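Protein sequences, first through last, are from chains A and B. Read left to right, the first sequence gives residues 0 to 151 (numbering that gives the first Met the number 0). Read left to right, the second sequence gives residues 0 to 84 (numbering that gives the first Met the number 0).
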Amino acid sequence: MSFPTVFFITEEEINLNDLLAQITLPTTGAAAIFTGMVRGLTKINDPHETAYLEYEAYVPMAEAKMRQVAEEIREHWPVVEGIAIVQRVGRLYPQTPTVLIACTAAHRDNGVFDAARYGIDRLKEIVPIWKKEVGSNGEFWVEGEYIPRPGE
Amino acid sequence: MRVKLLFFATLRDRAGTKSAEIEIPDSTSVQRLKDLVARDYPGLKASMETVLVSINHEYAFDDAKVPANAEIALFPPVSGGSRES
């Protein structure tokens, strides 16, 4: 049986149930799901309100790098069965999910949480997606800090 | 040879365009390409310190040579996910 890997950039609402169904096999007993959403009210580190975030992606490269993240997850955690990596782009308002990483496995205690954690961390390092924040602090691009190395 | 450049996020705003074509010598390195872009787009000069360059959807580093017919993109360090994630 081949293990399903789902990855894409979308302007549509992220459909968790549909994604879960795609990465659930007869042998699957656990899914670790991470989703990040737009935070409307930031209370620590420069408290401010966010009206919305504007996401953009370099789509063909972003999807190629999502595939790479999934491959890295499989190298580190061979027990992972299905993987879903989805980033929503466009103008997204507070309390809206923007990104989803889900990994499935036979059992919960074999690293599936770590696998999902690794997925979101890597997405934020190497997948070419950017966001512009608009809110009480004005309008500004949020830039990351990670500089990929050769081979990444 | 002529190559097509794509700009994203802050680079696009500062360049004032999503894409451009420039003429470069054969065997131009990525470092040299960045110098040429900064010459043609002075607004991007400051961005060249931290810019990431990709060639055909893979990250490319200063010593790499730009091949013919490549899809080249210039963009800032990435910031996907969400604010908290």
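Heads up, the beta-carbon is just placed ideally off N, CA and C, and yes, glycines get one too. In this text the structure is predicted, and so the values were computed from the model without any measurement.
- Give the residues of chain A in contact with L51 (chain B), contact being defined as C-beta atoms less than 9 Å apart. As a working note, residue 51 (chain B) is residue 52 in the second sequence. Within chain A, the residues near L51 (chain B) are P127, I146, P147.
- Message: Just to confirm, is the Cβ distance from A101 (chain A) to A83 (chain A) under 9 Å?
- Response: Walking along the first sequence from the start, residue 101 (chain A) turns up at place 102. Walking along the first sequence from the start, residue 83 (chain A) turns up at place 84. In contact: A101 (chain A) and A83 (chain A) (Cβ atoms closer than 9 Å).
- Message: Our contact map puts A72 (chain B) next to S53 (chain B) with C-beta atoms below 8 Å; I'd like the distance itself, whole angstroms only.
- Response: On the second sequence, position 73 is the one that residue 72 (chain B) refers to. On the second sequence, position 54 is the one that residue 53 (chain B) refers to. That pair is a contact at about 5 Å.
- Item | Buried or exposed by the 16-neighbour rule on C-beta atoms within 10 Å, applied to Y92 (chain A) | Here residue 92 (chain A) refers to the residue found at position 93 when the first sequence is read from its first residue. That one is exposed.
- DSSP bridge partner residues for L52 (chain A) (one or two, in chain order): The count along the first sequence starts at 1 and reaches residue 52 (chain A) at position 53. Paired residues: A:L91, A:E132.
- Message: Buried or exposed, going by whether 16 or more other CB atoms sit within 10 Å of the CB of L10 (chain B)?
- Response: Here residue 10 (chain B) is taken as the residue at index 11 of the second sequence, counted from 1. Buried.
- Under the three-state DSSP convention, the category G110 (chain A) falls into: Looking up residue 110 (chain A) in the first sequence gives position 111. DSSP places G110 (chain A) in coil when its eight states are reduced to three.
- Task: May I ask which residues mark the beginning and end of the alpha helix (DSSP H) holding T9 (chain B)?
- Result: Position 10 of the second sequence, counted from the first residue, corresponds to residue 9 (chain B). Taken as a continuous stretch (DSSP letters only), the alpha helix (DSSP H) holding T9 (chain B) covers 9-14.
- Message: Using beta carbons (cut-off 9 Å, strictly below), is G80 (chain B) in contact with chain A?
- Response: In the second sequence, counting from the first residue as 1, residue 80 (chain B) sits at position 81. Interface residue, yes.
- Say whether chain A places a C-beta atom closer than 9 Å to the C-beta of Y40 (chain B). As a working mapping, residue 40 (chain B) is identified with position 41 in the second sequence. By this cut-off, Y40 (chain B) is not an interface position.
- Message: To be precise: take each residue of the segment 2-34 of chain B, compare its Cβ to all Cβ atoms of chain A, and keep it if any distance is under 8 Å. Which residues remain?
- Response: L5, F7, A8, T9, D12
- Task: Note down the Cα distance separating G81 (chain A) from A114 (chain A), rounded to an integer number of angstroms.
- Result: Taking the first sequence and counting its residues from 1, one reaches residue 81 (chain A) at position 82. Taking the first sequence and counting its residues from 1, one reaches residue 114 (chain A) at position 115. Going by the C-alpha atoms only, they are around 11 Å apart.
- Cα-Cα separation between E155 (chain A) and I125 (chain A), rounded to whole angstroms: Nothing about residue 155 (chain A) can be reported from this structure: the residues present for chain A run from 0 to 151 only.
- C-alpha gap between V111 (chain A) and V77 (chain B), whole angstroms: Translated into the one-based positions of the first sequence, residue 111 (chain A) becomes position 112. Translated into the one-based positions of the second sequence, residue 77 (chain B) becomes position 78. Taking the straight line joining both Cα atoms gives about 25 Å.
- Message: My output table needs one value for G42 (chain B): the three-state DSSP class, helix, strand or coil.
- Response: On the second sequence, residue 42 (chain B) is found 43 positions in, with the first residue counted as 1. Three-state result, G42 (chain B): helix.
- Item | Cβ contact (3+ pairs, closer than 8 Å) linking the segment 44-58 of chain A and the segment 129-146 of chain A | yes
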